[in-house]
Each structure stands twice: as structure tokens, then as C-alpha cells.
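Asker:
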DNA sequence: TCTCAAGTTGACGTAAAGGGTACGCTAGCG
DNA sequence: CGCTAGCGTACCCTTTACGTCAACTTGAGA
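Protein chains in written order, with my numbering: chain A, 56 to 210; chain B, 56 to 210.
Okay, here's the thing in C-alpha cells:
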């Protein structure tokens, strides 16, 4: 029975659509335990390693950085009951959620603002570049306060 | 009448809340025309320069990168009628808008997903780390497909 | 046995938008 | 004349998650 579930690095690459550099990088960071490549020079990966990588990907998707992920794994290593991991995860998740909600609000304002600008710029057929403070007809000045584009005054 | 509107770099710093390093950086990139510091070793900034910086800040707020901004300014330099600038701006704005809308959709999915996870993790009082494929009780497996945390089977 | 794809280490590079530091010069006020 | 805040250049550093390259070495199929 020769090590039933044993993957080579190339297989992981195809599995996850990542590069071998990435896998080795994760190992460098200690995110993946260094495989015992007993006898061989080539790394071998177990089912556990595969799960690890999946976890990393999920946590990355949730916006955790690699060092945050690393910290979580370290917690898990220290405390086998999983209590602190759970707690740490809850805190992190909630942080990320708050952050996401904040970003969403910002994004909405941004979208509204930008929509307005798109409309103005696309509808315009008589804009000119405003010369600055001396321009008397910056009618959009309160909205578009740098007067990037200003409607030409009716001549 | 000695050069009426002439600012020193420190004044810009106070005006915009940026650092002098930033102003010089913009000059390096060609975003601000190199000031003629005639006679002096110190830079002097005109009203035009001030407007430029305001513009840079606005465009940055709209998500353009410095190199995109640079490209727009280059357009403006070449074409004084402003037609290509307007067009370029419209294209960029629309791009950024699409991008923002896409990001918002992603963010929504992310928020929903994360909310679910927060709820699960916070409500749980008996999670354990799933050992992987051999675990028979991954009841959330279809949703939480990497089985980061799985409910402990009732013993 | 040969071959060549696949794997190895290590060092250095990348993007973005400046920040930080060292060290010297200058403007302008009293 | 002297002081000192302000300004100058020049250089490296930051963060994150890898990419890229060079120069080998290994392993598995024919």
C-alpha cells in the first residue's frame, strides 16, 4: 500500500488553477506543512494538504490576507479544541462584513456620482475646458467643483 | 505687479492636505508642468497648477489611476479642442462605472455569503475542525464546500 | 537506456502611490 | 548678519501575492 492519496505539485496546479510557485510560496509562509518527501526530491501532497489549499482559497475569497489566515492556522495549531479559532474566525468574519458594508455604501455614492458624470459628459456636445477661477459661467461648479468640464455659455 | 498668484509648495500642502513629496512626485510623472522657478531654487505654483491638482484629486476619486489621468492630460495637450478628451473621459467614466457595478454585484454576493457564515459561526457552540474527506457528517458541505467548520456529530 | 516533461532552489522583479530619511541649501525676517 | 523654517535632490522602503528567470536535477514512459 504505497501512500494512497499522494499528489504531485502539477496535479494541484490543475486542480486549483494556481501555479506551482504559489504552492511553494504557501509552504514558505508555513501555510502548508512542509511535506515529507521521503526518499524523493519532489514534494508529495496528501489529502490534508489539498484541504488546506481549499481553505486558504476560501478564506482569501472572504477577504482575509495570507497573514490573517496564517494567524488562524496558528491558533488552530495551539488550541486543538477549536474554541479560539471559532472566536477568532467570528471576529474576523464580522470585521470583514462591516468593512464590506461600509465599502458598499461608499460604492453606491460613487456609482451615483459617476452615473451623473457619465450622463453629462456623453450628452454634452459643447463642453470646453474651463480656464479656472476667472470663468464666470461655471454653472455646475457646486457639483463638479473642480470644473473639469463646464458647459459653454450660450453665445 | 510681481507674479500675483504664486504659491510655494508648503501652501499647496496646507491647501490640499497632501505632502510636498506628493507634489514633486506628480511633477516627476509629468502630471504637473515643471514650474519655472526663475531665479529661485524653489518651485513656484500658479493658479493653473492649483487647478491641475484639484483635477487630479477629482479624477483619482473617480477611480482613475495616475497613469490614466496622465493619458487624459496628454490628450488634452495634443488636442486643444477638447473633443478627444471628452470622448476619452466618457469612455473611462463608463468603464469605471461598469467596473463599479460589477464590483457591487460581487460585493452583494460576498456580503450575503459572509452574513450566513457569521451567523453560523456565532451561533455554534460545538464546532470542530473537519478531518476532510473521511468525515461523514459534513451536513453543510454543499454550502460550505471546503468544510472549514462542521458541526460536531451528536455523540 | 534515453529522453524530455516536470520539478527544484534562489534570487530578483512587479504594481501603486507615494513615505521616509539624509544631508545640504535658501529665503526672508528681525 | 544670523537664524531657522522651508525647500532642494537623491536614494531606498513600504505592502501583497505572487511572476520570472536561470541553471540544474528527477522521474516515468518508450
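A virtual CB, placed ideally from N, CA and C, is assigned to each residue, including glycine.
(1) For residue 172 of chain A, which residues in chain B fall below 8 angstroms Cβ to Cβ?
(2) Step through the CB atoms of chain B and report whether any lies within less than 9 angstroms of the CB of residue 81 of chain A.
(3) Per DSSP, what are the beta-bridge partners of residue 62 of chain A in this structure?
(4) Report the three-state DSSP secondary structure of residue 162 of chain A (helix, strand or coil).
(5) Short check: CB of residue 262 of chain B to CB of residue 168 of chain A, under 9 angstroms?
(6) Within the 9 angstroms Cβ cut-off, does residue 272 of chain B reach chain A?
(7) Let me confirm a value: residue 111 of chain A is counted as buried when at least 16 other C-beta atoms fall within 10 Å, else exposed. Which label applies?
(8) Do you know how far the Cα of residue 106 of chain A is from the Cα of residue 152 of chain B?
(9) With 16 as the cutoff for other CB atoms within 10 Å, does residue 155 of chain B come out buried or exposed?
(10) Less than 9 angstroms between the C-beta atoms of residue 143 of chain B and residue 164 of chain B, yes or no?
(11) Is residue 87 of chain A helix, strand or coil when you go by DSSP?
(12) Would you say residue 159 of chain B lies against chain A (beta-carbon separation less than 9 angstroms)?
Answerer: So, from the data block:
(1) By one-based count along the first chain, residue 172 of chain A stands at place 117. Against chain B, the beta carbon of residue 172 of chain A has neighbours under 8 angstroms at 117, 148, listed in chain order.
(2) Residue numbering aside, residue 81 of chain A sits at position 26 when the first chain is read from its first letter. No, residue 81 of chain A does not count as interfacial toward chain B.
(3) Here residue 62 of chain A is taken as the residue at index 7 of the first chain, counted from 1. Its beta-bridge partners are A/100.
(4) Walking along the first chain from the start, residue 162 of chain A turns up at place 107. DSSP, read as helix, strand or coil, puts residue 162 of chain A in helix.
(5) Absent from the structure is residue 262 of chain B, since the part of chain B shown begins at 56 and ends at 210.
(6) The requested residue 272 of chain B does not occur in the structure, where chain B is confined to residues 56 to 210.
(7) Translated into positions along the first chain, residue 111 of chain A becomes position 56. Residue 111 of chain A counts as buried, since at least 16 other C-beta atoms from the protein chains shown sit within 10 angstroms of its C-beta.
(8) As a position in the second chain, residue 152 of chain B is number 97, starting the count at 1. As a position in the first chain, residue 106 of chain A is number 51, starting the count at 1. A direct Cα-to-Cα measurement between residue 152 of chain B and residue 106 of chain A gives close to 38 angstroms.
(9) Locating residue 155 of chain B in the second chain gives position 100, where the first residue counts as 1. Looking at its Cβ environment, which holds 16 or more other Cβ atoms inside 10 Å, residue 155 of chain B is buried.
(10) For the purposes of this step, residue 143 of chain B is identified with residue 88 of the second chain, where counting begins at 1. For the purposes of this step, residue 164 of chain B is identified with residue 109 of the second chain, where counting begins at 1. The Cβ-Cβ distance between residue 143 of chain B and residue 164 of chain B does not fall below 9 angstroms.
(11) Locating residue 87 of chain A in the first chain gives position 32, where the first residue counts as 1. Residue state, collapsed to three classes: coil.
(12) Here residue 159 of chain B is taken as the residue at index 104 of the second chain, counted from 1. Taking 9 angstroms as the threshold, the shortest C-beta distance from residue 159 of chain B to chain A falls below it.
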